[in-house]
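For the record, in the sequence shown the residue sitting at position 448 is 525 according to our numbering, with numbers rising by one throughout.
For every residue, glycine included, the Cβ atom is placed at its ideal position computed from N, Cα and C.
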Amino acid sequence: MVVDPSEFIPFSEWLSNAAGGFVVLALVMFIAWTVIAFAFTAIRNTPKQAMSIVGGGLKRAVLEDFPRSSLRRTIGMTRLAVQEAIRNKVLIIFALFVVLLLFAGWFLDVQNDHPARLYLGFVISTSTYLLLALAMFVSAFSLPNDIKNKTIYTITTKPVRAHEIFLGRVLGFGLVGTVLLILMGLVSYGFVIRGLDHSHTIDLASIEWDEETGLGTGFTSVDSHHRHDFLINRNIEGDRPVGATEVAQGHSHAIFRDGDNYVVGPPTGDLLARVPVYGSLRFLDRYGRESNEGGEGGLSVGKEWTYREYIEGNTLSTAIWTFENLTSDMFSTGGGDEGVVPLELNLRVFRTTKGDIEGAVQGEILLVNPEKTLAVQDRYSAPISFEAEEFQTFQVNIDYKEIRRQNPNTAELEKINLFQDLVDNGKLEVHVRCRDHAQFFGMAQADMYIRAPEGSFEMNFLKCYLGIWMQLVLVTLFGVFFSTFLNGIVAMVATLSIVVMGISSGFIGEVQSGDAPGGGPIESLIRNITQQGATVDLDMGETATSVIQSLDSFYLDTMESVAKLAPDFPKFNMAAKVAYGYDINLDLILKQITTTLVYFFVLLFAGYFVISSREIAA
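If you want it as C-alpha cells, here you go:
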C-alpha cells in the first residue's frame with residue numbers, strides 16, 4: 078500500500094505549516110469577493126457609492142448579522158432543506174446502493190487472492206461516489222430553483238439573515254447525507270461480514286500423523302473456492318486451539334478439538350487494523366556510504382514508479398530505519414527481558430538473474446545502536462535472517478531472549494539486552510540488507526514498521542466513513558456556495574470541477590514540475606498527432622517548441638494555482654487503509670477535520686456576502 082509522505086508529519090507540525098496556507102486561502106476569497114462586489118456595484122453606481130455600499134456590507138456583517146445569529150432561524154432553514162431533499166426523493170440513492178450490493182456477486186471476483194480487499198474497496202467506493210453525486214446535485218440546484226420558482230420570497234421577507242440561509246441549507250443537506258451514509262455503512266458492514274464468512278471441514282481419514290510428535294498434517298475441504306493446509310497437535314488438551322491452517326486468500330483458521338473430531342473456526346486475519354509505528358528511512362550505497370559522504374543512497378532499477386528505492390544484494394547497500402520514542406513497556410510481557418519486537422515488512426523483490434522465480438530472496442536484519450561514538454562491535458547485533466517474496470507482507474518477531482552480539486575477543490555470540498545495549502534514548506536503528514547476489518530489495522518509508530497492539534476493525538471502518546462524511550460536507554459547501562450566484566447546471570459543473578481539480582492536483586503538480594513525461598496538454602496533443610514518444614525531446618523546431626512549452630507552462634501554472642484552492646480529496650479517501658488492514662491514526666483524522674472546518678468557515682462567509690449583495694428580485 079502506498080502511504081503519502083505527509084502522513085508521517087505530526088498534526089502539530091502539520092498545523093503550523095498549513096496555517097499560512099489557510100490564511101492565504103481566506104485572504105484570496107475575501108479579496109476576490111471585495112473586488113468583484115466593488116466592480117459590479119461600481120457599474121450600477123458611482124465608484125464612491127460602490128465603496129460605501131461594499132464597506133457598509135462588511136460593517137453590517139461584523140457588527141450586526143453574525144453577532145445576532147439565531148439558532149431558531151437556522152434550525153428552521155435546516156428543516157426546510159431536509160424537507161426539500163426528501164421531496165426530491167433522495168432515498169432513491171440508498172435503494173440504488175442496496176440493488177448494487179444485491180447484484181455485486183455477479184461481477185466481483187470471489188476467487189480473488191484477497192477477497193476482503195475486494196469487498197471493502199467495492200462498498201466504500203460505491204458509497205463515496207453515490208453520496209458525492211447526490212450532494213452535488215441537491216446542493217447545486219436548491220437555491221436556483223427557489224429563486225426560479227419564487228419560493229425564496231417567503232424566506233427573504235422574514236427576518237432571516239443571509240448566512241442563516243446558507244448555513245441552513247448546508248446543515249439540512251448534510252443531515253440528509255449523514256443519515257444515508259449511516260444506513261450505507263451499516264449495510265456495507267453486514268455485506269462484508271456475510272461475504273467473507275465461511276467454514277471448512279476436516280476429514281479425519283485424510284490426516285497424516287507423525288506418531289512420535291503427535292503432529293498431524295492435511296488439508297481442509299474446499300469452501301468459498303479455496304482450501305487450507307493445516308497442522309494440528311493431538312497432544313494439546315483443553316479448550317484452546319490444537320492447530321491452525323496456513324494462510325489462503327488473506328486469512329487463516331484456528332482448529333479446535335470436538336471429541337474425536339476437529340472443528341475449523343471462523344476466518345481470522347482478513348479484517349485487520351494494524352497499528353504501525355513508522356521510522357524515518359535513509360540508505361547506504363553499495364560501498365556503505367551515506368549520501369552526505371558521497372554515496373548515492375537508494376538505487377533506481379528502471380521502474381517508472383519512483384515510490385520505492387532499491388538496495389543491491391550481496392553488497393553493503395543498506396536500508397536504515399530509525400525509530401524513536403521506543404520503551405520496553407511497548408513490547409514487554411511483564412517479565413524483565415521477556416518480550417517481542419514485531420517488525421512487519423512489505424518489500425519488493427527485483428530479480429536480475431535466472432533461477433527459482435517463485436523462491437524467496439534471502440535478507441538480513443541488524444539492530445543497531447544509533448550512538449556512533451561507540452565501537453562498531455558494541456553497536457551491532459548479530460544478523461537476523463529472513464526470506465522475502467514479491468507482494469507478500471511478512472512479520473519478523475525479534476525475541477528479546479534471542480538477540481545476540483559477537484564478542485570481539487572470543488568471536489562468540491553473546492546475549493545482550495535490547496533496551497540497555499541497543500536502544501539509546503528511545504532510538505533504535507534497524508538495518509535491512511539483501512544477501513543474494515544480483516537481486517534487489519525495493520522499499521519506501523512505510524514498507525517496514527514496528528507493529529503495535531492491534532486496533533479495532535469496526536472502529537477503523539467507522540473512521541473511514543467519517544472521511545466520506547467530510548467529503549460529503551465539502552461537496553455540499555461548494556455546491557451551495559456556487560448556487561448563490563450561478564444557475565443550477567452551471568453550479569453543478571463548477572462543483573464537479575472543484576472535485577476533479579482536488580483529485581488531480583497531484584498529477585497537475587507532477588506535469589507542471591516535469592516529473593510526469595510528455596509535457597502539458599498542447600505538447601501531449603502534438604506528440605500524439607506526430608507520434609513522438611514522451612521520453613524524447615519534442616521535435617518541432619526551437620521556436621515552435623519554445624512557444625508550445627511556454628503556453629503549456631502558463632496553463633499549468635494557472636491550473637495548479639486554482640487546484641491549490643480546492644480540497645485535496647484523495648487525502649480524505651481512506652478506503653485503501655481499511656482494505657489493506659491498516660489503522661487510520663488520529664493525526665490523519667485531525668488534519669482532515671481541520672481542513673474541513675477551514676473550508677466551512679471560508680465558504681460560509683463567502684456565501685453570506687454573495688447572498689446579501691445579490692438582488693433576489695432580479
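| Query | Result |
| --- | --- |
| Whole-angstrom C-beta distance between methionine 78 and tyrosine 657, which should lie under 8 Å | 4 Å |
| CA nearest to the CA of threonine 487, picked from Gln454, Pro343, Thr561 | Gln454 |
| Nonlocal neighbours in the same chain, by C-beta distance under 6 Å from tyrosine 659, ignoring five residues either side | Arg351 |
| Chain-order list of residues whose beta-carbon lies under 7 Å from that of phenylalanine 85 (same chain, five-residue window excluded) | Tyr355, Gln522 |
| Same chain only: Cβ atoms within 7 Å of valine 131, ignoring 5 sequence neighbours per side | Thr111, Ala114, Phe115, Thr118 |
| With 16 other Cβ atoms within 10 Å as the buried cut-off, status of methionine 407 | exposed |
| Simplified DSSP state of aspartate 362, which is helix, strand or coil | coil |
| C-beta atoms of leucine 551 and tyrosine 676 nearer than 8 Å | yes |
| Through-space distance from isoleucine 575 to isoleucine 388, alpha-carbon basis | 41 Å |
| Inter-residue spacing [alpha-carbon to alpha-carbon] between alanine 621 and serine 638 | 26 Å |
| Under the three-state DSSP convention, the category phenylalanine 471 falls into | strand |
| Counted within 10 angstroms of its Cβ, other Cβ atoms place valine 378 as buried (16 or more) or exposed | exposed |
| Collapsed DSSP secondary structure at tyrosine 676 in the structure displayed | helix |
| Residues that serine 329 bridges to, as DSSP identifies them | Thr345 |
| Nearest to arginine 145 (by Cα), restricted to the options Val237, Ala158, Leu179, Asn537 | Val237 |
| Exposure of isoleucine 475, with buried meaning 16 or more beta-carbon neighbours within 10 Å | buried |
| Reduced DSSP category for asparagine 374 - H, G, I as helix; E, B as strand; rest coil | Going by the sequence as given, residue 374 is glycine instead of asparagine. Three-state DSSP puts glycine 374 in coil, outside helix and strand. |
| Spatial distance of asparagine 165 from histidine 277 (CA atoms) | 48 Å |
| Alpha-carbon spacing of glycine 416 relative to serine 301, whole angstroms | 37 Å |
| Per DSSP, the bridge partner or partners of tryptophan 286 | Gly293 |
| Endpoints, alpha helix (DSSP H) assigned at glutamate 535 | 534-560 |
| Burial state of threonine 155 (16 or more Cβ within 10 Å) | buried |
| Beta-carbon separation (whole angstroms), glutamate 506 vs valine 445, contact threshold 8 Å | 4 Å |
| Spatially closest choice to asparagine 564 from Trp183, Glu421, Ser219, by CA coordinates | Ser219 |
| Exposure label - methionine 536; buried when at least 16 CB within 10 Å | exposed |
| Cβ-based neighbour list, threonine 294, same chain, cut-off 6 Å, excluding 5 preceding and 5 following | Glu285, Leu308 |
| Sequence-distant residues of its chain with Cβ nearer than 8 Å to proline 87 (five each side left out) | Asp664 |
| Arginine 271 to serine 560 span [Cα, whole Å] | 42 Å |
| Best match in Thr672, Phe558, Val588, Leu348 for proximity to proline 221 [C-alpha to C-alpha] | Phe558 |
| Span of the alpha helix (DSSP H) around lysine 136 | 124-137 |
| Candidates Asp190, Asn122, Arg366, Val299, of which the one nearest aspartate 347 by Cα | Asp190 |
| Buried or exposed (CB count within 10 angstroms, at least 16 for buried), valine 687 | buried |
| CA-to-CA distance, valine 624 to isoleucine 735, given in whole angstroms | With the chain covering only 78 through 695, there is no way to say anything about residue 735. |
| Beta-carbon proximity check, leucine 207 vs isoleucine 545, cutoff 8 Å | no |
| Cβ pair aspartate 274, proline 353 closer than 8 Å | no |
| Three-state secondary structure assigned by DSSP to threonine 234 | Annotation note: pLDDT 48 at threonine 234 (below 50); position unreliable, no value reported. |
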